[in-house]
Amino acid sequence: MLARIGVPRALLYYKYYPWWKSFFEELGFQVVVSCPTNKALLVAGVAAASDETCLPVKAFYGHVLDLKDRVDYLFIPRMISVEKKTYTCPKFLGLPDIIRGIDGLPPIIETQVNRREGCLAPLRAYYRTGEELLEQDEYSGERVRESFGRLWRALWKAERRLRHCQKLMISRGMTFPQALRQMESRDGKSREAGRKGEGPKQENGSTKARYRIGLIGHGYNIYDSYVSKDILHCLEAMGASVWTADMVSPRAIHRQMARLPKDPFWSYEREVLGAAFYFLEREEVDGIIQIVSFACGPDSMIAEMVYRQARRKGDIPYMLLTIDEHSSEVGVVTRLEAFLDMIHRGRKG
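For what it's worth, the numbering used here labels the leading residue of the sequence shown as 2, then goes sequentially.
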């Protein structure tokens with residue numbers, strides 16, 4: 002029976018899951034993902050987490066609780082830095098430590114990813130993780146030598162898998178869940194996205210949409226339908242096509258950030274900010290909605306920068322949507338309706 006590695010369907014799942022799944026499966030492990038976020042899961046997470054933590058971390062607790070009795074290992078990487086001279090949000094630096102406060106957990110696979118140690122440091126970290134997992138099977142010397150090629154092959158396939166996902170989002174204008182479904186379908190496995198570009202080029206009839214909305218924020222706030230109150234579906238039902246930060250190329254984001262006197266310290270917030278500036282500069286959207294978590298320090302700073310840039314532009318409406326465990330779907334829908342109505346009235350004026 003294959004050893005089961007649990008991956009919580011929260012936080013960086015919405016960014017790196019194709020990489021993680023490919024890597025562990027190539028090494029011969031079964032990847033088990035927690036169930037989609039629901040009320041019971043979030044209530045359990047809120048009860049287990051401290052009051053000071055943000056909603057995404059509380060949801061992460063719930064996903065860990067959902068997995069802990071169903072897997073042999075839990076994969077909770079320590080993401081320190083993913084780009085040169087930057088850090089990730091503090092919650093990612095200490096995530097394995099705070100989760101260990103839960104009783105009865107299986108062993109935690111704690112891969113430490115620190116790009117500040119060199120461009121190949123993340124790959125070396127995952128290589129060591131794979132090596133340790135394989136050595137627990139007490140391989141003979143011959144089998145260990147064979148595992149060298151197997152590990153590098155797993156790393157290469159994982160990297161290719163993630164790039165395929167990113168290409169689908171940038172070139173096809175797909176959201177992360179759409180790209181994931183495409184990759185897991187028969188067509189997705191056999192066909193690469195062939196179109197090149199920097200920004201979103203949505204298909205699926207987006208040219209018929211009444212509104213073009215730039216929805217910026219972290220993937221775990223946008224793509225988790227329970228956490229976001231299904232904001233993507235709500236906007237589409239109201240006649241809007243949605244563009245997210247994942248649909249903007251790293252090159253375009255870097256060009257936007259180069260205009261600032263100093264780069265933000267946080268990698269993922271940098272992506273959100275660069276995408277917002279890109280949408281504001283290109284003026285290809287009718288409005289921008291930024292979704293942030295209550296009590297998130299980095300998000301609050303980035304939101305202020307986006308707000309000021311939107312004020313300077315003046316002609317693109319901007320709305321900040323703050324969510325926590327008390328947010329209601331009715332409240333979110335009401336604000337979305339009012340925002341789109343404002344855009345509609347602006348056109349008439």
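Virtual Cβ for every residue (Gly too), placed ideally from N, Cα, C.
Everything numeric in this text was worked out from a predicted model, so none of it was measured.
Throw me the rounded Cβ distance for the residue i and residue j pair, which I believe falls under 8 Å.
{"i": "A304", "j": "L321", "result": "6 Å"}
{"i": "V65", "j": "I103", "result": "6 Å"}
{"i": "S294", "j": "D247", "result": "With a Cβ gap of about 18 Å, S294 and D247 do not count as contacting."}
{"i": "E132", "j": "L163", "result": "That pair is no contact at about 21 Å."}
{"i": "A311", "j": "L341", "result": "The Cβ separation is near 17 Å, so there is no contact."}
{"i": "R154", "j": "E330", "result": "The pair is not a contact, with the Cβ atoms about 45 Å apart (cut-off 8 Å)."}
{"i": "I344", "j": "I292", "result": "Incorrect: roughly 17 Å between the Cβ atoms, too far for contact."}
{"i": "A210", "j": "S172", "result": "Not really, about 19 Å apart at Cβ, beyond 8 Å."}
Among the options, which residue has its Cα nearest to the Cα of residue i?
{"i": "S250", "options": "V286, I289, M170, E282", "result": "M170"}
{"i": "K314", "options": "A60, M343, E284, V243", "result": "E284"}
{"i": "P178", "options": "Q137, S226, Y212, R211", "result": "S226"}
{"i": "I77", "options": "I110, D104, V273, L94", "result": "I110"}
{"i": "R213", "options": "S35, V286, R173", "result": "V286"}
{"i": "R309", "options": "L274, G298, V293, L341", "result": "L274"}
{"i": "R10", "options": "P37, L3, W20, V32", "result": "P37"}
{"i": "P262", "options": "N222, L281, M306", "result": "M306"}
{"i": "Q113", "options": "M80, T245, I99", "result": "M80"}
{"i": "H165", "options": "M302, M184, G150", "result": "M184"}
{"i": "I215", "options": "F278, D264, G288, E160", "result": "First, the amino acid is wrong: residue 215 is Gly here, not Ile. Nearest C-alpha to G215: G288."}
{"i": "R101", "options": "A126, L75, P123", "result": "L75"}
{"i": "K92", "options": "R211, A50, G347", "result": "A50"}
{"i": "M302", "options": "D264, L3, R211, K230", "result": "D264"}
{"i": "L124", "options": "D98, W21, L42, A41", "result": "W21"}
{"i": "L42", "options": "R161, Y128, D67, I99", "result": "D67"}
{"i": "Y128", "options": "P108, I99, D98, E160", "result": "E160"}
{"i": "L94", "options": "Y319, F278, L12", "result": "L12"}
{"i": "I323", "options": "P19, R348, A296, R346", "result": "One detail in the question is off: residue 323 reads as Thr in this sequence, not Ile. The shortest C-alpha separation from T323 is found at A296."}
Anyone know if the C-beta pair for residue i and residue j falls short of 8 Å?
{"i": "K69", "j": "L106", "result": "yes"}
{"i": "G29", "j": "A45", "result": "no"}
{"i": "F25", "j": "L156", "result": "no"}
{"i": "V333", "j": "A60", "result": "no"}
{"i": "R5", "j": "D73", "result": "yes"}
{"i": "E1", "j": "I290", "result": "What the structure shows of the chain is the stretch from 2 to 350, and residue 1 is not part of that stretch, so it cannot be assessed."}
{"i": "G220", "j": "Y15", "result": "yes"}
{"i": "A276", "j": "I232", "result": "no"}
{"i": "C90", "j": "W267", "result": "yes"}
{"i": "L181", "j": "L337", "result": "no"}
{"i": "E270", "j": "D316", "result": "no"}
{"i": "T176", "j": "T130", "result": "no"}
{"i": "V8", "j": "V34", "result": "yes"}
{"i": "K230", "j": "S82", "result": "no"}
{"i": "P318", "j": "G347", "result": "yes"}
Which residues share a DSSP beta bridge with residue i?
{"i": "V8", "result": "V34"}
{"i": "Q291", "result": "I217, L321"}
{"i": "W267", "result": "Y88"}
{"i": "Y74", "result": "I6"}
{"i": "M80", "result": "V114"}
{"i": "I109", "result": "L75"}
{"i": "A241", "result": "Y212"}
**OP:** Specify whether the stretch 82-89 and the stretch 53-60 touch according to this definition: at least 3 beta carbon pairs, one from each stretch, less than 8 Å apart.
**Re:** Short answer: they don't touch.
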